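A.B. asks: Here's a structure for you.
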Amino acid sequence: MELLKSSKKYQLFINGEWKNSISNQFIEVINPATGNIVGQVASGNIVETKEAIDAACDSFFSWSKETSKARADILMRLYFLLLENEEYLASVITNEMGKPIVQARKEVQTAAEHFRWNAEEARRIYGQTIQSSEKQKRLSIIRQPVGPVAAITPWNFPLSMVARKLAPALASGCTIVLKPAEQTPISAIELFKLAEKAGVPNGVINLVIGNPKEIGDVLLEDKRIRKITFTGSTEVGKLLYKNAAKQVKRVSMELGGHAPMIVFEDCDLESTVNQVVKSKFNNTGQTCVSPNRIYVQQSIKDSFINLFKEQVQSLKMGYGIDENIDVGPVVNQSGLDKVKKHVEDAIQKGATLVVGGTVSDKANHKNGYFYEPTVLDHVDEQMLITNQETFGPVAPIFSFETEDEVVKKANNTDYGLAAYIFTENLSRSVRVSEALEYGMVGINDTVLSQVEGSFGGIKESGIGREGGPGCLEEFLETKWITSTIRD
Ligand code: ADP
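Residue numbering for the sequence shown follows the working numbering, beginning at 15 and increasing consecutively.
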């Protein structure tokens, strides 16, 4: 059942008011599994973005002066509201983005957890006092919110990516203007409705949707916006980073990845294959931490591929509102074209097809963007798939002989987001995890997105971390205060 209706119209949220855009234009949101329109969203531009910035600036003084307890209470209310509305929100995610409902429910839970974690962290913003070398001096350091923040989020986790930015910004005392991805704005709109219900004051959170460049330029050019927090492609991230430099705005960026997954011969094969399948085909391969290069030690490669193939063949693909669907569509036609191009290029350059390799006609909807779960063997360094993010349900397999060789290969990329290793050898797990040039490493574990951990990358995969201890650092400034005391 499609819960959203094509006739349903959604509005922008500025200074505590839901409103249409001045242009009266709307963006159609398409269900990638069925090709149906699931809703129409008001499309704002320069005028609405400026209004949103004004509101974020006007409300900054009172919000930043609010007690951290009051801010934490609002975030906790939002945590409970998200959980109460889990089923509806999950259906929104599935319908506008395409992921199976089981994964969408998990996304709602993760989004909720970000609000709880940051509510807890909000109470622990500490300063310091320092002993001076002079008797008359008193020295201290205080932490203050950076100011009004601009957030730009992608379509692949349309709710939890928004939560990851909104929660720490609000916990720190910042106000925010959010621009979600135009493909999936409805999840963000539903989250804002709940935030309003939770008691976030007018102007503290603002939502603009529309042409990304137009809105992005206004956000970056306005001196009052003191920070930009972005999740998306490395290409757009670099552009925003460059523009942010003009006013030395603070930046946090979670960009693209090309995760190596290293399977050593001493792993627990069955459990490894289970985890590799789950992680590779989660969100139809459309995650920045998706394994893009699966390196399997030569001695176990045949057994690995046999088991892997069996499991991949049993995955059920289709419109994810059905409980038993494992793999959904990719997000749109250009996503589908990229997957096709990478597979064709690999096969043309010598890769062999283990399973899949075609646009699917087996899914339950003809107009969806379905590509069969695919496994490629004999992949090498010359292929596009080895060097670019595929963002689709394709698992490329490489072989290796030694630990040194595979670490060098794994690190041979400009990306540095996530890496995974499978081994039962403790010393090897320590050696390799320390040698991998990545911001995150999973050892016999593929679930990196946990609120308790610091999510983020190095090299061209980004700057800054989201979640974990110190998650508020990204939204706080340090002020050093020195005073002279008279006797
Ligand atoms: P993807 O390829 O996964 O869509 P993008 O980096 O293009 O990743 O998009 C991530 C977010 O960045 C989306 O919200 C998108 O609208 C936004 N975006 C894209 N181009 C720009 C731009 N020039 N300025 C500001 N935001 C942009």
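Glycine included, every Cβ here is placed at the ideal spot set by N, Cα and C. Since the model is a prediction, treat every value here as computed from it, not as a measurement.
Is residue 167 near the ligand ADP - that is, is its Cβ less than 7 Å away from at least one heavy atom of it?
C.D. replies: Along the sequence shown, one-based indexing puts residue 167 at 153. Yes - the ligand ADP has a heavy atom lying nearer than 7 Å to the Cβ of residue 167.
A.B. asks: Residue ranges of each alpha helix (DSSP H) run of no fewer than 4 residues wholly in the segment 368–425, ordered along the chain?
C.D. replies: Fully enclosed alpha helix (DSSP H) runs of 4 or longer: 398–401 and 417–425.
A.B. asks: As a quick exercise: from 135, 21, 91 and 73, pick the residue whose alpha carbon is nearest that of residue 465.
C.D. replies: Translated into positions along the sequence shown, residue 465 becomes position 451. For the residues 135, 21, 91 and 73, the minimum Cα distance to residue 465 belongs to 135.
A.B. asks: On the three-state DSSP scale, how would you describe residue 312?
C.D. replies: Along the sequence shown, one-based indexing puts residue 312 at 298. If DSSP states are grouped into helix, strand and coil, residue 312 belongs with the helices.
A.B. asks: CB of residue 342 to nearest heavy atom of the ligand SAH: below 7 Å?
C.D. replies: Because the ligand SAH does not appear in the structure shown, any question about it cannot be addressed here, the ligands present being the ligand ADP.
A.B. asks: Using the Cβ count rule (16 or more neighbours within 10 Å means buried), how would you classify residue 483?
C.D. replies: One-based indexing of the sequence shown puts residue 483 at position 469. Per the 10 Å Cβ criterion, exposed.
A.B. asks: Per DSSP, what are the beta-bridge partners of residue 165 in this structure?
C.D. replies: As a first step, residue 165 must be located in the sequence shown, where it is residue number 151. Its beta-bridge partners are 192 and 243.
A.B. asks: Is the segment 98–118 in contact with the segment 192–212, if contact means three or more CB pairs nearer than 8 Å?
C.D. replies: Counting Cβ pairs under 8 Å, three or more are found: they touch.
A.B. asks: Quick check: is any heavy atom of the ligand ADP less than 7 Å from the C-beta of residue 254?
C.D. replies: Within the sequence shown, numbered from 1, the residue matching residue 254 stands at position 240. Within the cutoff, so yes.
A.B. asks: Should residue 495 go down as buried or exposed, given a rule of 16 or more other Cβ atoms within 10 Å for buried?
C.D. replies: Within the sequence shown, numbered from 1, the residue matching residue 495 stands at position 481. So residue 495 ends up on the exposed side.
A.B. asks: For the ligand ADP, I want to know if residue 196 counts as a neighbour, meaning its beta carbon is within less than 7 Å of at least one of the ligand's heavy atoms.
C.D. replies: Your numbering for residue 196 matches position 182 in the sequence shown. For the ligand ADP, at least one heavy atom lies less than 7 Å from the Cβ of residue 196.
A.B. asks: Determine the direct distance from the alpha carbon of residue 395 to that of residue 272, and round the result to whole angstroms.
C.D. replies: Mapped onto the sequence shown, residue 272 falls at position 258. Mapped onto the sequence shown, residue 395 falls at position 381. One C-alpha to the other measures close to 13 Å.
A.B. asks: Tell me whether the segment 51–70 and the segment 219–233 touch, counting them as touching only if at least three CB pairs, one residue from each stretch, are closer than 8 Å.
C.D. replies: The segment 51–70, when compared against the segment 219–233, does touch it at the 8 Å Cβ threshold.
A.B. asks: Would you mind sorting residue 488 into buried or exposed? The rule is 16 or more other CB atoms within 10 Å of its CB.
C.D. replies: Within the sequence shown, residue 488 is the residue found at index 474, counting from 1. Label assigned to residue 488: buried.
A.B. asks: At which residues does the alpha helix (DSSP H) containing residue 285 begin and terminate?
C.D. replies: Residue 285 sits at position 271 when you count from the first residue of the sequence shown. It spans 283–295 - the alpha helix (DSSP H) in which residue 285 sits, taken as one unbroken run.
A.B. asks: Since residue 92 contacts residue 129 with CB under 8 Å, what's their CB separation in whole angstroms?
C.D. replies: To locate residue 92, count along the sequence shown from 1; it is residue 78. To locate residue 129, count along the sequence shown from 1; it is residue 115. Sure, about 5 Å apart at Cβ, within 8 Å.
A.B. asks: Rounding to the nearest angstrom, what Cα-Cα distance links residue 220 and residue 500 in this structure?
C.D. replies: By 1-based counting over the sequence shown, the position of residue 220 is 206. By 1-based counting over the sequence shown, the position of residue 500 is 486. Their Cα atoms are separated by approximately 47 Å.
A.B. asks: Taking only the alpha-carbon atoms, compute the straight-line gap between residue 258 and residue 126 and give it to the nearest angstrom.
C.D. replies: If you number the sequence shown from 1, residue 258 lands on position 244. If you number the sequence shown from 1, residue 126 lands on position 112. So the two alpha carbons sit approximately 30 Å from each other.
A.B. asks: At which residues does the beta strand (DSSP E) containing residue 226 begin and terminate?
C.D. replies: Indexing the sequence shown from 1 puts residue 226 at position 212. No beta strand (DSSP E) contains residue 226, which is instead part of the alpha helix (DSSP H) from 226–235.
A.B. asks: Closest by CA to residue 270, which one among 226, 440, 446 and 428?
C.D. replies: Translated into positions along the sequence shown, residue 270 becomes position 256. Ranking 226, 440, 446 and 428 by Cα distance to residue 270 puts 428 first.
A.B. asks: Using 10 angstroms around the beta-carbon of residue 444, count the other beta-carbons present and answer buried if the total reaches 16, otherwise exposed.
C.D. replies: Here residue 444 refers to the residue found at position 430 of the sequence shown. Flag for residue 444 reads exposed.
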